[in-house]
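**Q** Please find one structure pasted underneath; my questions will follow.
Residue numbers (the working numbering), protein chains in the order written: chain A, 732 to 1338; chain B, 14 to 370.
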């Protein structure tokens, strides 16, 4: 069994963590919010199963976490953030998490980091089919179909996913003292993607990808004192397409990409008589030239051009934005011990040059034979306000300025694979310090408490540490793996926004100070059993930290058996989620289900 | 990891946890018969409305008195409170209820439901009261049975009430679902309190949020001009017997809206918030140019005048998320006399020694 490092130390001082298809296998019928909350240090704020979940890391607000699909930003330029429940895990193979400054290889403005969902071709594959069906509690059904076929120079991958859920789980309403059932929480989701990869003489690589997703959901009422029977619905339809071309020569290569993302969202609230349509389109283009002729030096200049177009019932008129970005990445290997990478970005948008963004990463390997790495990086970053912040009717503020960040990070990574492949350990410690200024906060404008506008009034200081430890042990036919990650984050308000403001020095709302998750799994003769544990510390619900939501821990168990024949695999999996039936809430007044179950059957055929 | 697993098995609170009460008083020593109530709205849909009490004798402050007395949450957005005799009526807007409590110990006497997003209450007499709603209708409550007995029909959002002779003057903002002020019909309804019916209406400027009457029996209505700055705000003086607007004072059209029209106990001086707190003699012919209490970094939200001392009580909502504050100020020079910590989004006041607004 091939053991791969989860943490990628060889990244010249910038932190990148990868979750491959093996780690993601038990989550194939889930959405991205479940995966991230169970195995990563990204904090997921979950409102309701199947309904709005947003990511945040390193103590930054959720618009500072960018979610990408094969390097293309998935969030709309209007809202600037993504709903993780709309991303099914079945639509991609791997997840890369780029922390802090590492995000600059992809984009500016993601002060927390970037989560990239990766699909890639397997040139050795000839034909592979997989069909999976999950039946879970609360009338939740998921079907995934995957067909991958090709040759050594052409591969096609088709993925279809379907999910429907009623989500009528029982919970305890502690305002009324009654046991009630959740209602108006159902949803239907389906998606289709087609990818084609063509390789010509190892010199030309052409990739075409299309992904369409459709989500129709009811938004449930919050826990309340009196019954509410209003209708709130959200409909999301998105079409994403990417075309890539790469030409490879011995000492250089050139990469060209063009992508189009079209998003439609309708929000309906019958009691408020709201029925709003929002359309956005982004045309994203990228050019990268990589030059490796000079020994130990890699130079990668590039150019990006993005055109955003938004039409919304909440804006007056159509809003557009042109962004041109210049990019340069210079990597130099000083010796077998010392590497460094410099990233430079300069964007031009709204007819203005944006602040210059530099990042420098250093990696030192003291011993050639030991995989011990000491890393450090420092960077400056800026984030441009979203179209909603700028142009929302009456409430938008077209005079908003960019937000700024200055950050520093340092870490130690170590991994040791035993010679016979029976033992593997990797561990890392990273500390960071990030100072964000001109942060946008919605606040009532002076003299009118009815109107709130986003303003560049806040300053946030985020500092913390991430620890992880992964182990893999093979004894004859038994394989044991343990993955653990812990994060500590102290992210505080640093700017009093009014005379009596008590928030300075206090922890940001909904940013837990401590988070831990760990997975212990064992595989014996194709029987696998896994235990996943996660702990989320208390989250403050007021900026003066006088009120908070209590911390909670959750446990999940997976039991499975795979029947492997010559060309076929049949696998059965049972999941028990929230094993101890913990009564918890991620966001105040949004109920969460107690113990629930899922049964999955998957059939694979490979030739 | 084992310790964390064991910890997860115990019963921990799932709901929001707040600060423990400071110096919790022994229960039987608690009386709310002399002092000032601060009605803290709380955040919309978070069910964290609360009542703070400032003791009239000792000046000490007690937080969350409803929850302490009744062991349950007050509800979602407490909009206003009025007292009749020894009963307190708290209008809880987003919970669609009115909580009726005994003023001496704040324990629940009754809960009245059947509203459409209620806002303010005014007594007709000891047997009947009117309640305005945001969605539609003015509810009529029977104070003996503590129920809504009928509705005075209107499709509009009604806001503030003024009891004048045998009439109730009620300000009307227009249709709640019309988000643009230009489509909202602004007026003051005149209701006959014997027949409980609308007998007349007086057109006003957009969004008439406040109404009061001065010692010369002139009715004043504060119009914001629309929360979306549709027109300049105005302060209108109405003759309640002729039912006409006789004077209209226009605010300078800046990006601000006035709120919280109040009058002092002697009925000769008006007060309102317009970023700062402004004071205007009822006999004045123009609006005051500068504030009596400039905002100076405060976010003034609620305002009331003490019916005995005539002192100004104003709240600072800070950032609408953390605990707010209430200030007692001099009506002579606007100086701060006392600062009290309140709950979240303190919006209005209720004074025990008085049954008038």
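We put the beta carbon where it would ideally sit given N, CA and C, even for glycine.
Are the CB atoms of residue 1318 of chain A and residue 791 of chain A nearer to each other than 9 Å?
**A** Against a cut-off of 9 Å, the Cβ pair of residue 791 of chain A and residue 1318 of chain A comes out as no contact.
**Q** Would residue 787 of chain A be called buried (16 or more neighbouring beta carbons within 10 Å of its own) or exposed?
**A** Residue 787 of chain A is buried by the Cβ-count criterion.
**Q** Run through the DSSP bridge pairs and tell me what residue 1164 of chain A is partnered with.
**A** Beta-bridge pairing links residue 1164 of chain A to A:1139 and A:1194.
**Q** Who are residue 176 of chain B's beta bridge partners in DSSP?
**A** Paired residue(s): B:181.
**Q** Whole beta strand (DSSP E) runs in the stretch 74-146 of chain B with 3 or more residues, listed along the chain?
**A** Fully enclosed beta strand (DSSP E) runs of 3 or longer: 91-97, 100-105, 110-115, 121-126, 131-138 and 141-146.
**Q** So what's residue 754 of chain A in DSSP terms, helix, strand or just coil?
**A** Helix.
**Q** Along the chain, where does the alpha helix (DSSP H) containing residue 1118 of chain A start, and where does it finish?
**A** That run of the alpha helix (DSSP H) goes 1118-1122.
**Q** Between B:334, B:339, B:108 and B:174, which has its C-alpha nearest residue 1172 of chain A's C-alpha?
**A** Among B:334, B:339, B:108 and B:174, the Cα nearest to that of residue 1172 of chain A belongs to B:334.
**Q** Which residue from A:1085, A:1098, A:1118 and A:1069 puts its Cα closest to that of residue 1092 of chain A?
**A** Nearest option by C-alpha distance: A:1069.
**Q** Buried or exposed: which applies to residue 1150 of chain A, given that a residue is buried once 16 or more other Cβ atoms fall within 10 Å of its Cβ?
**A** Residue 1150 of chain A should be labelled exposed.
**Q** Shortest alpha-carbon distance to residue 762 of chain A belongs to which of A:813, A:1252, A:1024 and A:1142?
**A** Nearest option by C-alpha distance: A:813.
**Q** Taking the alpha carbon of residue 1345 of chain A as the point to measure from, which residue in A:1250, A:811, A:1277 and A:1243 has its own alpha carbon closest?
**A** As displayed, chain A neither begins before 732 nor continues past 1338, which places residue 1345 of chain A out of reach and without an answer.
**Q** Which term fits residue 220 of chain B, buried or exposed, when burial requires 16 or more other beta carbons within 10 angstroms of its beta carbon?
**A** Per the 10 Å Cβ criterion, buried.
**Q** With DSSP as the reference, identify every bridge partner of residue 949 of chain A, one or two as the case may be.
**A** Residue 949 of chain A is bridged to A:964.
**Q** Around the C-beta of residue 297 of chain B, are 16 or more other C-beta atoms found within 10 angstroms, so that it is buried, or is it exposed?
**A** That one is exposed.
**Q** Kindly indicate which residue of A:1241, A:1242 and A:1223 has the alpha-carbon position closest to the one of residue 1234 of chain A.
**A** Answer by Cα proximity: A:1223.
**Q** Rounded to the nearest angstrom, what separates residue 795 of chain A and residue 83 of chain B at their Cα positions?
**A** Those two C-alpha atoms are separated by around 43 Å.
**Q** With distances taken between CB atoms, is the gap from residue 1056 of chain A to residue 896 of chain A smaller than 9 Å?
**A** Against a cut-off of 9 Å, the Cβ pair of residue 896 of chain A and residue 1056 of chain A comes out as no contact.
**Q** Considering only residues of the same chain and omitting the five flanking positions on each side of residue 239 of chain B, which have a CB-CB separation below 7 Å?
**A** Closer than 7 Å at Cβ, skipping near neighbours: 194, 219 and 220.
**Q** Looking at the C-beta of residue 808 of chain A, does it have a partner C-beta in chain B at a distance below 9 Å?
**A** No, residue 808 of chain A lies away from the interface with chain B (no Cβ there is under 9 Å from its Cβ).
**Q** On a CA-only basis, which of A:876, A:1203, A:953 and A:1071 is nearest residue 913 of chain A? Give me that one, please.
**A** The shortest C-alpha separation from residue 913 of chain A is found at A:953.
**Q** Run through the stretch 1221-1296 of chain A for me and flag every whole beta strand (DSSP E) of 3 or more residues, listed as ranges in chain order.
**A** Qualifying beta strand (DSSP E) stretches, in chain order: 1245-1255, 1258-1267 and 1283-1295.
**Q** Check whether the Cβ of residue 713 of chain A lies closer than 9 Å to any Cβ atom in chain B.
**A** Residue coverage of chain A in this structure runs from 732 to 1338, which leaves residue 713 of chain A outside it and unanswerable.
**Q** Go to residue 766 of chain A, then tell me how far its alpha helix (DSSP H) extends in each direction, as first and last residue.
**A** First-last of the alpha helix (DSSP H) with residue 766 of chain A: 763-770.
**Q** Closest to residue 949 of chain A by CA distance: which of A:1210, A:774, A:1311 and A:778 is it?
**A** When only C-alpha atoms are compared, the closest one is A:778.
**Q** For chain A, find out if any of its Cβ atoms is closer than 9 Å to the Cβ of residue 316 of chain B; answer yes or no.
**A** Cβ-Cβ to chain A under 9 Å: no for residue 316 of chain B.
**Q** Please list the residues of the stretch 83-107 of chain B that have a C-beta atom closer than 7 Å to any C-beta atom in chain A, keeping them in chain order.
**A** Taking 7 Å as the Cβ-Cβ cut-off against chain A, the residues of the stretch 83-107 of chain B that qualify are 86, 88 and 89.
**Q** What are the residues that DSSP puts in a beta bridge with residue 865 of chain A?
**A** DSSP, once it has assigned bridges, lists A:873 and A:1331 as partnering residue 865 of chain A.
**Q** When the Cβ atoms of the stretch 352-364 of chain B are set against those of the stretch 296-311 of chain B, are three or more pairs found closer than 8 Å?
**A** Flag = no, the stretch 352-364 of chain B and the stretch 296-311 of chain B do not touch.
**Q** Residues in the same chain with beta-carbon distance under 7 Å from residue 1316 of chain A, minus the five sequence neighbours each way, listed in chain order, please.
**A** Closer than 7 Å at Cβ, skipping near neighbours: 1280, 1322 and 1323.
**Q** Quick one: using the 10 Å Cβ neighbour count with 16 as the cut-off for buried, is residue 1294 of chain A buried or exposed?
**A** Looking at its Cβ environment, which holds fewer than 16 other Cβ atoms inside 10 Å, residue 1294 of chain A is exposed.
**Q** Give the residues from the stretch 948-963 of chain A that approach chain E closer than 7 Å (Cβ to any Cβ), ordered along the chain.
**A** In the displayed structure, chain E is absent; the protein chains listed are A and B.
**Q** Can you tell me whether residue 907 of chain A is helix, strand or coil according to DSSP?
**A** Looking at residue 907 of chain A - three-state DSSP - the assignment turns out to be coil, as it is neither helix nor strand.
**Q** Report all residues from its chain with a CB closer than 8 Å to the CB of residue 295 of chain B; omit the five preceding and five following residues, and keep chain order.
**A** Here the set comprises 227, 228, 229, 231, 233, 276, 280, 281, 282 and 283.
**Q** Within 8 Å, do at least three Cβ pairs link the stretch 341-350 of chain B to the stretch 307-326 of chain B?
**A** Yes, they touch.
**Q** Any idea what DSSP makes of residue 929 of chain A, helix, strand or coil?
**A** Residue 929 of chain A falls in the strand class under three-state DSSP.
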